[in-house]
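Protein chains: 2
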Amino acid sequence: MRLTQYFMPTLKETPKEAEIVSHRLMLRAGMVRQASAGIYSWLPLGYRVLRKIEQIVREEQDAAGWQELLMPTIQSAELWKQSGRYNDYGKEMLRILDRHEREMLYGPTNEELITEIFRNGSKSYRDLPKGLYHIQWKFRDEVRPRFGVMRGREFLMKDAYSFDIDYAAGRRAYQKQFVAYLRTFARMGLKAIPMEADTGPIGGDLSHEFIVLADTGESEVFCDREFLDHDVLGRDVDYSDSASVEKIVDYYTNLYARTDEKHDQALFEKEVPAERRYTGRGIEVGHIFFFGTKYSEPLGAYITTPDDDSVPVQMAPTASACRASSAASSRPATTTTASSGRSPWRPSRSASSTCAPPTPTARRPATSSTASSWKPVSTCSTTTATSPPAPSSPPWTSSGCPGSWWSARAA
Amino acid sequence: MRLTQYFMPTLKETPKEAEIVSHRLMLRAGMVRQASAGIYSWLPLGYRVLRKIEQIVREEQDAAGWQELLMPTIQSAELWKQSGRYNDYGKEMLRILDRHEREMLYGPTNEELITEIFRNGSKSYRDLPKGLYHIQWKFRDEVRPRFGVMRGREFLMKDAYSFDIDYAAGRRAYQKQFVAYLRTFARMGLKAIPMEADTGPIGGDLSHEFIVLADTGESEVFCDREFLDHDVLGRDVDYSDSASVEKIVDYYTNLYARTDEKHDQALFEKEVPAERRYTGRGIEVGHIFFFGTKYSEPLGAYITTPDDDSVPVQMAPTASACRASSAASSRPATTTTASSGRSPWRPSRSASSTCAPPTPTARRPATSSTASSWKPVSTCSTTTATSPPAPSSPPWTSSGCPGSWWSARAA
Chain H
1 MRLTQYFMPT LKETPKEAEI VSHRLMLRAG MVRQASAGIY SWLPLGYRVL
51 RKIEQIVREE QDAAGWQELL MPTIQSAELW KQSGRYNDYG KEMLRILDRH
101 EREMLYGPTN EELITEIFRN GSKSYRDLPK GLYHIQWKFR DEVRPRFGVM
151 RGREFLMKDA YSFDIDYAAG RRAYQKQFVA YLRTFARMGL KAIPMEADTG
201 PIGGDLSHEF IVLADTGESE VFCDREFLDH DVLGRDVDYS DSASVEKIVD
251 YYTNLYARTD EKHDQALFEK EVPAERRYTG RGIEVGHIFF FGTKYSEPLG
301 AYITTPDDDS VPVQMAPTAS ACRASSAASS RPATTTTASS GRSPWRPSRS
351 ASSTCAPPTP TARRPATSST ASSWKPVSTC STTTATSPPA PSSPPWTSSG
401 CPGSWWSARA A
Chain Y
1001 MRLTQYFMPT LKETPKEAEI VSHRLMLRAG MVRQASAGIY SWLPLGYRVL
1051 RKIEQIVREE QDAAGWQELL MPTIQSAELW KQSGRYNDYG KEMLRILDRH
1101 EREMLYGPTN EELITEIFRN GSKSYRDLPK GLYHIQWKFR DEVRPRFGVM
1151 RGREFLMKDA YSFDIDYAAG RRAYQKQFVA YLRTFARMGL KAIPMEADTG
1201 PIGGDLSHEF IVLADTGESE VFCDREFLDH DVLGRDVDYS DSASVEKIVD
1251 YYTNLYARTD EKHDQALFEK EVPAERRYTG RGIEVGHIFF FGTKYSEPLG
1301 AYITTPDDDS VPVQMAPTAS ACRASSAASS RPATTTTASS GRSPWRPSRS
1351 ASSTCAPPTP TARRPATSST ASSWKPVSTC STTTATSPPA PSSPPWTSSG
1401 CPGSWWSARA A
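As they're listed, the protein sequences go chains H and Y. Following our numbering, the numbering of the first sequence begins with 1 at its first residue and continues without gaps. Following our numbering, the numbering of the second sequence begins with 1001 at its first residue and continues without gaps.
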């Protein structure tokens, strides 16, 4: 299609409600339009980007062994009453009465419904392990939606749920998602750092947030600069080999990385040498939880063991909002960020580095047959960017890491 | 992925609520599960089918020159008050109050929102013609949801909207969608017959329904059997050539085909020779409207003409529900239909004819680089089907038509 025919209503002026750069750029480039507070239409250019992000997420989830399904946006309140969350969720949940006065809601997340689907479909340890995910629109009725699609009310989220026989198996599922997330964001050209996190209203005892460093982020971030020098796409991952998956996770979790919620300054100074201490801001782009039997018990998702016992299934869900990824992806190549010097991955001389074609070895997708390489369309400048050198050795085994595509451009 | 690991919870018994065969099969094969009345979760197998249908729709819309975007599911009531439809729609519209007591709704369709998007993005005749579409979940709060995904409340629908300077241009857009729909359903292995239709609450003065013949259909259908002998995929369509597009449309619209709403028995008998009269039932899978300035006027979508006049833009929208297509696709190969003898396309000796690989010439997609051929996964039997012969001449030009893949099997 010719550009003159393409529906891309650009704006000359920056709308005054757009406080942060990603919001400004996405509006001005004709990628999105606000339909109402915190609710956006994705115009052709923006929707192409969103669909590419969605496809990367899908390919990496599939590669890790998760299966895609799709749950509806509108749910009955009944299951949420069984789990006890119907009242807990408060006003952030969009509550609806249908024409027969039945209580419904627009799903803010799907633990209850997926647990019911699993319960009705699987009864025996032979059906495990199982990983299911979906990419569906969610609604959270934020008091003050802001920052464009980054903190909107209606947003596209991938949520994955694993079902396992015991804690050890559930932990393995958690670790696979951990690695899938590292790869997913890396393929988008984002360096997402996993950080210990509070489990929040979803509950459980194991939790990591994935944070993309950005001046406009809502969280304050403290981490080891070593994170920035690693390339998670440097080699293929064999998800059937639990030991190698665990090795990757151990590497990342042994480095200090916390948001202000969990930050311990004394520990930070003890564990990280002064020259490697990084402090900045970040955007949460993903979150992994492990909550064991929190939902399977009240909702009755029990599994028969080989010894003929009946135990509640162990669950580890993960969530990642595609909206935040697209906003985060629209950020790095902007002048503001690029010239601030505070972002460790600011593009160096090549202002269009986010558009550089990925090198085959550095950004090889897990499933080569379905893979598509991603370029953030909106932020491309017309200068020719040179491809970065591919890493020469696997980052997990080498202490002198060869550096990633991003880190090669860092300060 | 191995079948033993695949999440496909089949049912041995037919659930008693499933009255029609597509509903029974989709439940029993583990394709869908009801989440609440008229609301379904699409399990991995069913979701694969839904996504393939979605992709065919997308490819054919793109080929016809329409551009994809995505509007949100939740809309503000404000625009609907401007168009006057907020009250008209009645209880079928799912109305919502958000936390600030603002009136919102779950979009049953998108004329208002797309008109606003166009209005804010295009002002001049130079921006025309423009065609925009999206594939998004809709909600219509049916009194009695039934027939599984066929008449559910939450459903996936493609709706397309064209914007043109005058009636003649709008009519050309209408005709392009007409042909795109013929091709879309043909690629799904469905013979969808365009029928003159009432315009209903959407309004306008030109309207066709696309009806797939099926015993379980809700509409009674009267048509010329000649429809069944044509293969719309027999040759590529050049959408930039209005005359050839019009020729196809004229061919179809000159043959008698009406549902009971519009049927005229005397005319039917006058126009169609007795041996070619077909009477049966059908499922509506698509609908095209032309409503001119019905929305552009109240919503202020005006365009500057070359003479510097300002005129309301002409609009022709189309809608097609993917849910109905998937249910319709799950139907033909069933024993009930196949043996009833009433469907003109009942599979003959090969019970698995809906799974026969398409012949390159007979079902060649418009955009060969992105095309994927579609097979209804759930209804495949294991018998080997032979491919039908490809038509030897273009169906539009020949009065002795070579017959389509479907019609080759018809009684």
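Using N, Cα and C, we set each Cβ at its ideal position, and we do this for glycine too.
- Item | Top-ranked residue by Cα proximity to Y/ILE1053, from Y/GLY1107, Y/TYR1181, Y/ARG1172 | Its Cα nearest to that of Y/ILE1053, the residue Y/TYR1181 stands out among Y/GLY1107, Y/TYR1181, Y/ARG1172.
- Contacting residues, own chain, Cβ-Cβ under 8 angstroms from Y/GLN1082 (five flanking each side not counted): Same-chain partners within the cutoff: GLU1112, PRO1298, LEU1299.
- Hey, how far is the Cα of Y/THR1336 from the Cα of Y/ALA1316? Because the pLDDT at Y/THR1336 is just 30, under 50, the model does not fix this residue reliably, and the point stays unresolved.
- Could you list which residues in chain Y have their beta carbon closer than 9 angstroms to that of H/GLU68, in chain order? Think of a sphere of 9 angstroms around the beta carbon of H/GLU68: the chain Y residues whose beta carbon falls inside it are PRO1044, TYR1047, ARG1048, ARG1051, in chain order.
- Item | Contact check, Y/ALA1197 vs Y/THR1259, beta carbons under 9 angstroms | Y/ALA1197 is a Cβ neighbour of Y/THR1259, given a cutoff of 9 angstroms.
- Query: Since Y/ARG1095 sits in a beta bridge, which residues does DSSP pair it with?
  - Reply: Looking at the DSSP assignment, Y/ARG1095 forms a beta bridge with Y/LEU1105.
- Message: So, at 8 angstroms on beta carbons, what are the nonlocal neighbours of Y/ILE1165 in its own chain, with the 5 sequence-adjacent residues on each side left out?
- Response: Hits under 8 angstroms: TYR1125, LEU1128, PRO1129, ILE1303, THR1305, VAL1311, VAL1313, GLN1314.
- Message: Using C-beta distances below 7 angstroms, list every residue in its chain close to Y/TYR1086, excluding the 5 sequence neighbours before and after it, in chain order.
- Response: Same-chain partners within the cutoff: ALA1077, TRP1080.
- Message: My output table needs one value for H/SER392: the three-state DSSP class, helix, strand or coil.
- Response: Bear in mind that the predicted position of H/SER392 carries a pLDDT of just 34, short of 50, making it unreliable; the figure below should be weighed with that in mind. DSSP places H/SER392 in the coil class of the three-state scheme, outside both helix and strand.
- Item | Closest by C-alpha distance to H/ALA37, when choosing among H/GLU142, H/ALA169, H/ARG119 | Checked all of H/GLU142, H/ALA169, H/ARG119; the closest Cα to H/ALA37 is H/GLU142.
- Identify whether H/VAL221 lies in helix, strand or coil by the three-state DSSP scheme. In the structure shown, H/VAL221 sits in a strand (DSSP, three-state: E or B).
- Item | Short CB-CB distance (under 9 angstroms) between Y/ARG1153 and chain H | With a threshold of 9 angstroms between beta carbons, Y/ARG1153 makes contact with chain H.
- Query: Shortest alpha-carbon distance to H/THR296 belongs to which of H/GLY84, H/TRP137, H/LEU156?
  - Reply: The question names Thr, but residue 296 of chain H is Ser in the sequence shown. Nearest of H/GLY84, H/TRP137, H/LEU156 to H/SER296, Cα basis: H/GLY84.
- Please list, in chain order, all residues of the same chain as H/LEU206 whose beta carbon is under 6 angstroms from its beta carbon, the five residues on each side excluded. Excluding sequence neighbours, H/LEU206 sits near PHE290.
- Message: Looking only at its chain, what residues have a beta carbon closer than 7 angstroms to the beta carbon of Y/THR1004, apart from the 5 residues adjacent to it on each side?
- Response: Beyond the five residues adjoining it in sequence on each side, Y/THR1004 comes within less than 7 angstroms, by CB distance, of no other residue in the same chain.
- Would you give the residue range spanned by the alpha helix (DSSP H) that H/ALA243 belongs to? For H/ALA243, the enclosing alpha helix (DSSP H) starts and ends at 242-253.
- Query: Quick one, are the C-beta atoms of Y/ALA1160 and Y/TRP1042 less than 9 angstroms apart?
  - Reply: In this structure, Y/TRP1042 does not lie closer than 9 angstroms to Y/ALA1160 by Cβ.
- Message: At the 9 angstroms Cβ level, is Y/TRP1374 part of the contact set with chain H, yes or no?
- Response: Bear in mind that a pLDDT of 35 at Y/TRP1374, under 50, signals an unreliable position, so the model cannot answer this.
- Message: I'd like to know whether the C-beta atoms of H/VAL149 and H/ILE193 end up nearer to each other than 9 angstroms.
- Response: Not in contact: H/VAL149 and H/ILE193 (Cβ atoms no closer than 9 angstroms).
- Item | Interface positions of the region 114-125 of chain H facing chain Y (Cβ-Cβ less than 9 angstroms), listed along the chain | Residues passing the 9 angstroms Cβ filter: ILE114, GLU116, ILE117, PHE118, ASN120, GLY121, SER122.
- Task: Indicate whether at least one CB of chain H lies closer than 9 angstroms to the CB of Y/TRP1080.
- Result: Chain H has no Cβ within less than 9 angstroms of the Cβ of Y/TRP1080.
- Message: Could you tell me the alpha carbon to alpha carbon distance between Y/GLY1217 and Y/GLY1286, rounded to whole angstroms?
- Response: Computed Cα separation, rounded: 13 angstroms.
- Task: Could you tell me the distance, in whole angstroms, from the CA atom of Y/ASP1238 to the CA atom of H/VAL21?
- Result: Roughly 42 angstroms between the two C-alpha positions.
- Look at the alpha carbon of H/LEU11 and the alpha carbon of H/ARG51, and state the distance between them as a whole number of angstroms. Spanning the two alpha carbons is a distance of roughly 23 angstroms.
- Kindly identify the DSSP beta-bridge partner or partners of H/GLU284. Note: H/GLU284 sits in a beta bridge opposite H/ILE211.
- Distance, Y/ARG1153 Cα to H/ILE117 Cα: Distance between the alpha carbons of H/ILE117 and Y/ARG1153 is about 19 angstroms.
- Query: Does any residue of chain H bring its CB to less than 9 angstroms from the CB of Y/GLU1111?
  - Reply: So no, Y/GLU1111 is outside the interface.
- So what does DSSP say about H/THR10, is it helix, strand or coil? In the structure shown, H/THR10 sits in coil (DSSP, three-state: anything other than H, G, I, E or B).
- Secondary structure of Y/ARG1151, DSSP reduced to three states: Three-state result, Y/ARG1151: strand.
- Message: So, under 8 angstroms CB-CB, H/MET71 and H/ILE114 are touching, yes? Tell me the CB distance rounded to an integer number of Å.
- Response: 7 angstroms between Cβ atoms; contact.
- Do H/GLY282 and H/LEU213 come within 9 angstroms of each other at the CB atom, strictly closer than that value? The answer is yes: Cβ separation under 9 angstroms.
- Message: For the beta strand (DSSP E) containing H/SER124, name the first residue and the last one.
- Response: That residue, H/SER124, is in no beta strand (DSSP E); it is neither H nor E in DSSP.
- Query: For Y/GLN1055 and chain H, any beta-carbon pair shorter than 9 angstroms?
  - Reply: Contact of Y/GLN1055 with chain H is not assigned, every C-beta pair being separated by 9 angstroms or more.
- Message: Can you confirm whether H/PRO388, when its beta carbon is compared against all beta carbons of chain Y, has any partner nearer than 9 angstroms?
- Response: Below a pLDDT of 50, predicted positions are generally treated as unreliable, and H/PRO388, at 37, falls in that range; the measurement from the model is reported next regardless. Not one chain Y Cβ lies under 9 angstroms of H/PRO388.
- For H/VAL49 and H/LEU25, the rounded distance between their alpha carbons: If I take the Cα positions, the gap works out to 14 angstroms.
- Query: Do the region 1093-1101 of chain Y and the region 1270-1278 of chain Y meet, that is, are 3 or more Cβ pairs less than 8 angstroms apart?
  - Reply: No: the two stretches stay apart, fewer than three of their Cβ pairs being nearer than 8 angstroms.
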